[in-house]
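Accompanying notes for the structure given below.
Protein chains: 6
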Amino acid sequence: MAIIAPSLLAADFLRLWDECKMINESEAEWFHLDVMDGRFVPNISFGLPVIEHIRKTTKKECDVHLMIVEPEKYTTAFKEAGADRLTVHYEACTHLHRNVEMIRQLGMKAGVALNPHTPVLLLKEILPYIDQVCIMSVNPGFGGQQFIPTSLKKIAELKQMIRESGYPVLIQVDGGVSVNNAAALVNAGADVLVAGSNVFKAENPTAAIAQLKKAGSFSEV
Amino acid sequence: MAIIAPSLLAADFLRLWDECKMINESEAEWFHLDVMDGRFVPNISFGLPVIEHIRKTTKKECDVHLMIVEPEKYTTAFKEAGADRLTVHYEACTHLHRNVEMIRQLGMKAGVALNPHTPVLLLKEILPYIDQVCIMSVNPGFGGQQFIPTSLKKIAELKQMIRESGYPVLIQVDGGVSVNNAAALVNAGADVLVAGSNVFKAENPTAAIAQLKKAGSFSEV
Amino acid sequence: MAIIAPSLLAADFLRLWDECKMINESEAEWFHLDVMDGRFVPNISFGLPVIEHIRKTTKKECDVHLMIVEPEKYTTAFKEAGADRLTVHYEACTHLHRNVEMIRQLGMKAGVALNPHTPVLLLKEILPYIDQVCIMSVNPGFGGQQFIPTSLKKIAELKQMIRESGYPVLIQVDGGVSVNNAAALVNAGADVLVAGSNVFKAENPTAAIAQLKKAGSFSEV
Amino acid sequence: MAIIAPSLLAADFLRLWDECKMINESEAEWFHLDVMDGRFVPNISFGLPVIEHIRKTTKKECDVHLMIVEPEKYTTAFKEAGADRLTVHYEACTHLHRNVEMIRQLGMKAGVALNPHTPVLLLKEILPYIDQVCIMSVNPGFGGQQFIPTSLKKIAELKQMIRESGYPVLIQVDGGVSVNNAAALVNAGADVLVAGSNVFKAENPTAAIAQLKKAGSFSEV
Amino acid sequence: MAIIAPSLLAADFLRLWDECKMINESEAEWFHLDVMDGRFVPNISFGLPVIEHIRKTTKKECDVHLMIVEPEKYTTAFKEAGADRLTVHYEACTHLHRNVEMIRQLGMKAGVALNPHTPVLLLKEILPYIDQVCIMSVNPGFGGQQFIPTSLKKIAELKQMIRESGYPVLIQVDGGVSVNNAAALVNAGADVLVAGSNVFKAENPTAAIAQLKKAGSFSEV
Amino acid sequence: MAIIAPSLLAADFLRLWDECKMINESEAEWFHLDVMDGRFVPNISFGLPVIEHIRKTTKKECDVHLMIVEPEKYTTAFKEAGADRLTVHYEACTHLHRNVEMIRQLGMKAGVALNPHTPVLLLKEILPYIDQVCIMSVNPGFGGQQFIPTSLKKIAELKQMIRESGYPVLIQVDGGVSVNNAAALVNAGADVLVAGSNVFKAENPTAAIAQLKKAGSFSEV
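Protein chains in written order, with this note's numbering: chain A, 1 to 221; chain B, 222 to 442; chain C, 443 to 663; chain D, 664 to 884; chain E, 885 to 1105; chain F, 1106 to 1326.
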């Protein structure tokens, strides 16, 4: 049964209070917050002051996805803004081990995200030190993109690696997730489903979350 | 009589609809939107998706202040998000003339911002091509900082340069602006007063704007 | 039977018309055009205006090899200059999947080049989305260097990966290619042979191309 | 009487031999060679191998304009490629004095180029150590742009500075130079006129050079 | 029997003559010199002038570990300062093969260092061209850190790769090395033990080196 | 009467204890410590661990000159290492005012250094916030270079600016300072003389300092 983490990138930024309330009352377990700096990715989304406010509305887990360069510069600031989970990109970190250790020392769960072209075998040495891997199933930077189909195989391969390693690392999928592929993703090994447009652009977001939750619970395994 | 441009950096991001409504019904003429990328300044504030939403709430001028590196990468995107005025930093632009020309060609008013240490004489060649100069009277990156007192003299010096040049360039002051220094700023030459915390952290923001407007209208000149 | 792609890096830049005519009338199938920006590689070769001109002389495929950082900034420009095939470097791309998708969406064939030290296993996730891989058998930046012998094994390993993947991806070899190693390269799995100095510094370039073509057709496989 | 320096950026790159011959037989005194790296300016033009070839065709002065970052990395290489004069950009040099000293120590004349927005007063400390200043009268990166009219005043101001300094520094103008503004430029203080499209796109380039030469010789001063 | 390479990062910089004398008279075979530039790692340690002086005190091998970006800029300088062995970081080199070839051409032994998160399989193509691999068993930048336990497995995996390759490449371990883990490290495959604080902060550094030497010689293999 | 600040860049790094003792017992008032990161300048000298040790030997003022990029990253670390005065480069600081405020808030005196080509008029806005200006009279990066003669006029111009401003800012001269130009420098306005090779390469460094002190005290003004 997958954890559902709606991404607020597609929310109505004029009424975040209502959007947060909706998530709080929904079946979603986490808030997924996409921070983009215009450097690592070709978009600038939102950052610290917005997250600080969102944090005040919820007791659910705030899962912050840093699509930024030099994430070590802002690790403490995001902790203070309220992040419970902090994910950095493999492609953005020269000292990935130091980064995830710092995240954990500050009391957060540590995640590593992989761009679509980055193979999971590069995670071999870091798996023992992290709590989650975020498989980007679209290129990071924008909402509303189409799911990259080879991501399924990538998730399965990562699941295998994690099982063999014995470390309790969650697999998160981010990009193009919908009720149409949720079951397949969970079957491949996904533990957390991030969904943006498919939740917030739905007529009934609460129902969309419930459907995703349901779709993500019909695991064959 | 100075134009008042409340900066939404200090707004309640959970209720932007209400905050925008307040500005719309206030005496403020412009919305001031502070975009920070975590690279040019040590903070990540908000960017395109947030501004797109704010744009929908107002017919007042959206004055976007880019505290980002390589602003040319995002000039078109900010136009599309709804900017009427776009200000780039002198310190961030290798090709400042190209940048402001591009802003104007897209139909926006072009501004150049100066960090506190940057002297106004560096604007000599660019004055004919811009609509406004933003004098940073605090170091950009955070709200709630104290006004740097030598900014007054800097504004006066710039006013003199602009008068001699004959170009109709507005002077905007950003940082630590309050009812206490508004009159002095306007007397020194300021045409636009940006205020963040002193508006949004006030008990009555609408009244705070009105007071600022009033304070900024007692010009001796 | 390998495709021959003469690299114009070693051509006579005073008489490109004649050099292009020679290739057009030779057995070579592609023009290989090496763009160097002085940043990704320690040399600045030639770029857009030169390629635009070369494009006008030929109906053969223009295969442009970008040895530049941030290739996404110039993808559209190289399409407009006439590139049919556009290769970017693995080491230069944070968002490799986005880059090759953009190349294909513009109607070009997409390639990924690997520096000598970069292992082929890093291509695992990108193979389904590309048309060719360029194995650098010298360090990129200069013509006339000696072939790195371990490249043969690398080509063979990549061939194996491609066969197993089932995707129709061509293997291109670039650096120190000559009649002496052409057969071995093709036997190892090379589909496209790039040759610069060994063509243009030859007494009879047309004949050199023919010899390379012949050498590259004695495949044992 | 101004020196004429045709810029080969607008030449026919398929027939550089003929283009160079034309300049050699014309009234032009210098070859102007625009090197662009895609980093300092948003274009990649041509570099070392092209200049090496051009050098062989002429005994006229080769005036190389580096629109590149970190020009110190390539100073020696451009000397070896045949540059007689090497110009670096003020905006690209952290150690401008070191750069121009290195250029002179290698036996070349040293120049500093200014982007349109950069005021001439920034040259105060470097004037004693250079041979020429290049005033960009368009934004560097592309040929065929329109002359920025305030450049005239900038040239006049620089001329005044140079006269007062007593150092024999030439003023070069680059961008939108034509027979229409040549006289005005020379009157303002220009010593060297760079012209690209207005020479090479003319029906008769030799005549265009002669006309420019003539227009640039009717100085009022 | 492992080679012992004391790292002078933890030495008394006021009395380097004495510290070097101590190493010279000890059982240590190499001097290990950690150069940090404040860019690749978050510390600035020491560089060329310090190493030049140390070089004069010893005939033992000077093993210089460059924790710097763009090491190619300083390769020749470190040779001239007296390095016998020069190690660059995998994560810092776009053209790793060119870098190690340059090191060897200058007459030094070439090494590649891996940050804790970097898997050894990335060394596949470079192994034939290097003399040593430095496995960082702490995050580079500071002395006195705790050994990362999964480094043992990483060493064993690398040892296996080297054996299979047939190339005579030494494995060096750097970070948290002490008498407590020296035997385990050597058993896993380490050939060279770097030790800093555990030598220089010991009451008797000469004895500490001897103990390390002894601990590193009880190999089970 | 000028303050003498010997630069340890030219000291014997094997015997820093003795070198520091010599300065302590000399007429020199400050220790000048040149930190180079290989990025801002083309040399890597020494950094935090070396300065920490030097600090322990003296009660004289430790004047640290940061020839590094992004000095804000290391401001606190240099304070902790023992700096009393911290100088950053104008050319290295996007937020110069913030940097010097941070230095002062940590209890250090703040300085700004200018490369030879940087005009003093750029200091106009920062003078009220700093304690000293370092005029580089050679290009930073190496000891033993020749004094750039136009530095004298630059010092005089800065002295004039400082007098007119009324702020108590010291002028420091760094590069090629010797008994031959000390008097001229002080007459031009220098308050602090930095000397490296001319002290430490002298037969009698203590005497060299005394001579410099004496030469620097014959001010005509």
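Even glycine gets a Cβ: it sits at the ideal position worked out from N, Cα and C.
The DSSP-derived three-state label of LEU1054/E is strand. Counted as a single uninterrupted DSSP element, the beta strand (DSSP E) harbouring ALA1079/E occupies residues 1076-1079.
For LEU627/C, the secondary structure class from DSSP, reduced to helix, strand or coil, is helix. Residues of chain D whose Cβ lies closer than 7 Å to the Cβ of GLU1196/F are, in chain order, THR757.
LYS596/C and LEU627/C have their C-alpha atoms spaced approximately 10 Å apart. Using a CB distance cut-off of 8 Å, PRO49/A counts as an interface residue toward chain B.
Here LYS422/B is exposed: its Cβ has fewer than 16 other Cβ atoms, across all protein chains shown, within 10 Å. The residue among VAL1057/E, TYR1051/E, ILE1014/E and GLU1009/E with its C-alpha nearest the C-alpha of VAL1022/E is VAL1057/E. The beta carbons of VAL415/B and VAL398/B sit about 6 Å from each other, so the pair counts as a contact at 8 Å. According to DSSP, LEU556/C shares a beta bridge with ILE577/C. Here DSSP, grouped into helix, strand and coil, assigns LYS521/C to helix.
In the DSSP annotation of this structure, the continuous segment of the alpha helix (DSSP H) that includes PRO491/C starts and ends at 490-497. Closer than 8 Å to the CB of ILE1010/E there is at least one CB belonging to chain C.
With a threshold of 8 Å between beta carbons, LYS722/D makes no contact with chain B. Cβ-Cβ distances below 6 Å link ALA302/B to LEU269, ILE272 and GLU273 in the same chain, with the five nearest sequence neighbours on each side left out; the list follows chain order. Within chain C, PRO561 have C-beta atoms less than 7 Å from the C-beta of LEU1006/E, given in sequence order. With a threshold of 8 Å between beta carbons, PHE46/A makes no contact with chain C. By the Cβ test, the stretch 277-296 of chain B is in contact with the stretch 304-312 of chain B, since at least three Cβ pairs between them sit closer than 8 Å.
Interface annotation, THR150/A: in contact with chain C, CB-CB separation under 8 Å.
The C-beta of PHE703/D comes closer than 8 Å to at least one C-beta of chain B. Annotation for GLU246/B: THR427 place their beta carbon closer than 8 Å to its own, counting only its chain and skipping 5 residues before and after.
Annotation for ASP902/E: no beta strand (DSSP E) segment contains it, though the alpha helix (DSSP H) segment containing it runs 900-909. Following the DSSP letters along the chain, one finds GLU1166/F inside the beta strand (DSSP E) bounded by residues 1166-1172.
As the crow flies, the alpha-carbon of PHE368/B is around 6 Å from that of GLY396/B. In the DSSP assignment, SER7/A forms a beta bridge with HIS32/A. Using a CB distance cut-off of 8 Å, ILE907/E does not count as an interface residue toward chain F. Around the C-beta of ARG1268/F, fewer than 16 other C-beta atoms lie within 10 Å, and the residue is accordingly described as exposed. The Cβ-Cβ distance between ASP476/C and LEU458/C does not fall below 8 Å. In the structure shown, ILE597/C adopts helical secondary structure according to DSSP, grouped into three states. DSSP places LEU212/A in no beta strand (DSSP E) but in the uninterrupted alpha helix (DSSP H) bounded by 205-215. With its beta carbon less than 8 Å from one in chain D, PRO1221/F belongs to the interface. Three or more Cβ pairs closer than 8 Å define a contact, and the stretch 987-1003 of chain E falls short of that threshold against the stretch 543-553 of chain C.
Inclusion of VAL341/B and VAL333/B in the CB contact set at 8 Å is not warranted, their separation being larger than that value.
Contact annotation: TYR1013/E and ILE1149/F have beta-carbon atoms that are not nearer than 8 Å. Pairing PRO140/A with VAL64/A gives a Cβ-Cβ distance that is not under 8 Å. Under the 10 Å beta carbon count, THR518/C is surrounded by fewer than 16 other beta carbons and is classified as exposed.
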